[in-house]
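Engineer:
In the numbering used here, the protein residues as written are 41 to 1040.
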């Protein structure tokens, strides 16, 4: 890491700036006071630096970027201010976990991201952190790995449900393009590996539910709700229950309408409840709740009637899909609140914890059914002040110094079997597979499909001959050639032919097709053209034969569009015209298919913080945190092609270079405003490389460095709506005019993106900056935007911030990223740089004592404090450079607050009294040793003292002190009790009051 870099994460080796007690001493080590600059630091940067305060303010850190905890016992909705859709929440009661308090886990949709299906953890349902992922890769297929033109944008993993049953954790989710639904199982949700069970079919929005007898069901569906029962080993569907809930069963119910999906099931007070999201015509998205005594509805009633009652329970500001969440109350009762998300694009779909008041078995959510945006509610679970502070420091986004110090998790070591390479006869690739393709040998090698007459013709498109086709009796009648044994699976073929028709009674234009016939009854159109009468037209296309299609009998032929024989014979000039064929070709492309490689998938020794996810599964050969300590290296593994498609969309829209790029590393955005800063070493770039910092979705804005003919230029790219199906990738990612700067000989550049989701709401506008030293910054043009929700839902997630590097000319170039720094302050706000929170954290750290904390946590504090002090001493150019180390230090300080060792205690009790002897007061002190070890005592009173060398366990000692006074006033007796406990000397001061006494 360069000397000028800003860093803030824990490090494996960092010089101590903290005094430690000498070895063998039991004294308390105290942090050395860190001198704060006394003069104002003026930054020639984006914001003016404010002079440091004379004395640090009290340490009262803000909540984490994705926490809406107000710090006063309330929170606002929606929660998190980030994209966390399709939430499912499960509680582990205190009696069933090792922590002795209720713990909540939540899972969400991440679609094409890797790792995916994040496991988030909370103790109060308001503040959440990511602790694990269900999988590193949902699949190693081309579509999940950005290989061979395939993508999983808007597909992949959808709508998980999470359940805890008999000591095991279960996650069920559907994939739209990866083989249907899967069930994952583990016995350690925080750090365990997951067993993957393919269910063999798709279940839309699957909700796993264990009935009271332990039987497992999956509820699913869109437009209606169905269920299946699983076998005891959870691997097989053993019973089907279609359409348990149907919209038609509730005529006239205004809350029943579109979507009708996202079912989640709970058993509450003897009844089954199913939560459904609906979207009635002309209304907003809302929650419908169904309840019944019978889980399977009509399948359990004697007359087949539907026993599920229905009620619209929430119709406010679009809060809809989600689950009911149990909250334990004193006395053994349970409240059930709602965790429902709402669309808040372009940030994404954001969940909200919504209180519920229950009456007659139905909930009313929010304030009498109203859930105002940014409204506040009382938190449902009380924690200690230290726990409250720590929980609200947590966040699902994070600044990072790329020090490779994230915890190891089992998902990082997923094991995949690499499929064998396809068995292809290479001698049949790149050569013409048709005999006599130009008909220079007349009709040799050609046969008739259906019925027709073939004859040589000298009316050729090229060369000397063509083939005349006459006497056609069906639309499929035409020239054909048997290619059995020549065409292979796993090969892409280019096919073409020239056709002409001249019948003056035929239409002016006519469509012709090249078609494959497999056996006697399977037909696939391969390519087509609309020809003009009297002119040669070229049919061309490409195809790959599906693996499921047998190839024992295959022919290629030219035809006109199918219609029934009766229709064709009734209008032969329209459907059965004579035609000429020339220059037919069928060639298999040489294999350029990119196959999965073991090293692409194998762990590479680098561990990223769990807030990071890759845009599709990464290629582990081409990223590293170990090639250069303290830096993230992104290497281009291949050149972008422009041949990738949005496979989700019906017209297979082309994707941009940025979307095609492998190994784009990303985090969620957060609202209402966010700033992200990074630093790049660009010395390893090759010509044609593009690397930078993006706010991206299908629509994106980014700042990047492009190297063209050895010249490095920084600039801004913006892609907004509408989106065309066919695009010019290079043109789309051309720098916006007026946003560029030549970087000259510089090898390092700092980039900054300010994302504003609030001006106006519902849109993202981004302003970009660059700097050569991190202090003096230049804005690159005006802010760009707007970015809004893509109506085609091609990505269907909130905008993300990504670090990327792609090649347009040659692979092998690399870019190193030094850090990723977050702030919620934008340059456009015009605020001075503010180090007061940093100063307060540093000052508070100086009050802590090493002996009170676990050794490894204290080492962590030392490292973070050193980095914070370094940031304090440097000239800052952005608020990001201040906030990143402050947030990291404050998180650790709050963590120490819940880890602080309890003050030592000894079970020693004191009882005082007074009696009168000869008219004078005598003070009595009785000390009892309830500890399990001998205790030495030093008793001090206003009338003298006494020492007891060793009071045995369970024993009591009494001492009398003559006052020589007729009356004594109220006072205090102190006892210093000392003992050796587990080898450590413990001294505890005790006090007991003296009551006033008169003997006169």
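For glycine and all other residues, C-beta sits at the position ideal for the given N, C-alpha and C.
#1: To which residues of the same chain is residue 395 closer than 6 Å at the C-beta, ignoring the five residues directly before and after it?
#2: Using the Cα positions of residue 1028 and residue 996, report the straight-line distance between them to the nearest angstrom.
#3: Drop a sphere of 10 angstroms on the beta-carbon of residue 637, count the other beta-carbons inside from all chains shown, and report buried for 16 or more, exposed for fewer.
#4: How is residue 65 classed by DSSP in three states: helix, strand or coil?
#5: If the criterion is Cβ atoms closer than 8 Å, does the pair residue 698 and residue 734 meet it?
#6: If you pair each beta-carbon of the segment 543 to 556 with each one of the segment 589 to 599, do three or more pairs fall below 8 Å?
#7: Is it buried or exposed, residue 136, if we count other Cβ atoms within 10 angstroms and call 16 or more buried?
#8: Quick one: is residue 273 buried, meaning 16 or more other Cβ sit within 10 Å of its Cβ, or exposed?
#9: Can you tell me where the alpha helix (DSSP H) with residue 182 in it begins and where it stops?
#10: So, does the segment 678 to 692 touch the segment 704 to 716, judging by three or more C-beta pairs under 8 Å?
#11: Quick one: which unbroken beta strand (DSSP E) runs of 3-plus residues sit fully inside the segment 488 to 547? Chain order, please.
#12: Which value, in whole angstroms, describes the spacing of the CA atoms of residue 616 and residue 518?
#13: From what residue to what residue does the alpha helix (DSSP H) around residue 769 run?
#14: For a quick check, are the C-beta atoms of residue 847 and residue 680 less than 8 Å apart?
#15: Just curious, the beta strand (DSSP E) that residue 584 is in, first and last residue?
#16: Should the segment 188 to 197 be regarded as contacting the segment 230 to 243, the criterion being three or more beta carbon pairs within less than 8 Å?
#17: What does a CB cutoff of less than 8 Å around residue 75 pick up in its chain, not counting 5 residues either side in sequence?
#18: Using the three-state DSSP reduction, which class does residue 356 fall into: helix, strand or coil?
#19: Which word fits residue 106, buried or exposed, when buried means at least 16 other C-beta atoms lie within 10 angstroms of its C-beta?
#20: Can you check whether the CB of residue 827 is closer than 8 Å to the CB of residue 741?
#21: Going by beta-carbon coordinates alone, are residue 390 and residue 164 separated by less than 8 Å?
#22: Are the segment 613 to 633 and the segment 501 to 520 in contact at 8 Å, needing three or more beta carbon pairs?
#23: Three or more C-beta pairs closer than 8 Å, one from the segment 779 to 797 and one from the segment 752 to 760: is that the case here?
#24: Go ahead and pull the three-state DSSP assignment for residue 205.
#25: Assign residue 912 to buried or exposed, taking buried as 16 or more other Cβ atoms, counted over all protein chains shown, within 10 Å of its Cβ.
#26: Given residue 8, which residues of its chain have a CB within under 8 Å of its CB, disregarding the five upstream and five downstream residues?
#27: In angstroms with no decimal places, state the Cα-to-Cα distance between residue 385 and residue 901.
#28: Taking the continuous beta strand (DSSP E) assigned at residue 403, which residues delimit it?
#29: Alpha helix (DSSP H) containing residue 937: first to last residue?
#30: Kindly list the residues whose CB is nearer than 6 Å to the CB of residue 935, restricted to its own chain and excluding five residues on each side of it in sequence; keep chain order.
#31: Is it true that the segment 173 to 180 meets the segment 210 to 218, where meeting means three or more beta-carbon pairs spaced less than 8 Å apart?
#32: Which residue's Cα is closest to the Cα of residue 349: 875, 205, 99 and 311?
#33: Between the Cα of residue 655 and the Cα atoms of 487, 835 and 255, which residue gives the shortest distance?
#34: With contact counted as at least three CB pairs below 8 Å, one residue from each stretch, are the segment 475 to 485 and the segment 131 to 147 in contact?
#35: Can you grab the Cα-Cα spacing for the pair residue 533 / residue 561, in whole Å?
#36: Could you name the residues that DSSP lists as bridge partners for residue 790?
Structural biologist: In brief:
#1: 377 and 417
#2: 17 Å
#3: exposed
#4: With a pLDDT of 24 at residue 65, under the threshold of 50, the modelled position of this residue cannot be trusted; read the value that follows with caution. Looking at residue 65 - three-state DSSP - the assignment turns out to be coil, as it is neither helix nor strand.
#5: yes
#6: yes
#7: exposed
#8: exposed
#9: 182 to 185
#10: no
#11: 493 to 497, 506 to 510, 518 to 522 and 532 to 540
#12: 10 Å
#13: 769 to 772
#14: yes
#15: 577 to 584
#16: no
#17: Here residue 75 scores only 31 on pLDDT, less than 50, and its place in the model should not be relied on; the value that follows carries that caveat. There are no such residues.
#18: coil
#19: buried
#20: yes
#21: no
#22: yes
#23: yes
#24: strand
#25: buried
#26: Look at the range of the chain in this structure, 41 to 1040, and you will see that residue 8 is not part of it.
#27: 38 Å
#28: 402 to 405
#29: 920 to 939
#30: 430
#31: yes
#32: 311
#33: 835
#34: no
#35: 22 Å
#36: 719 and 811
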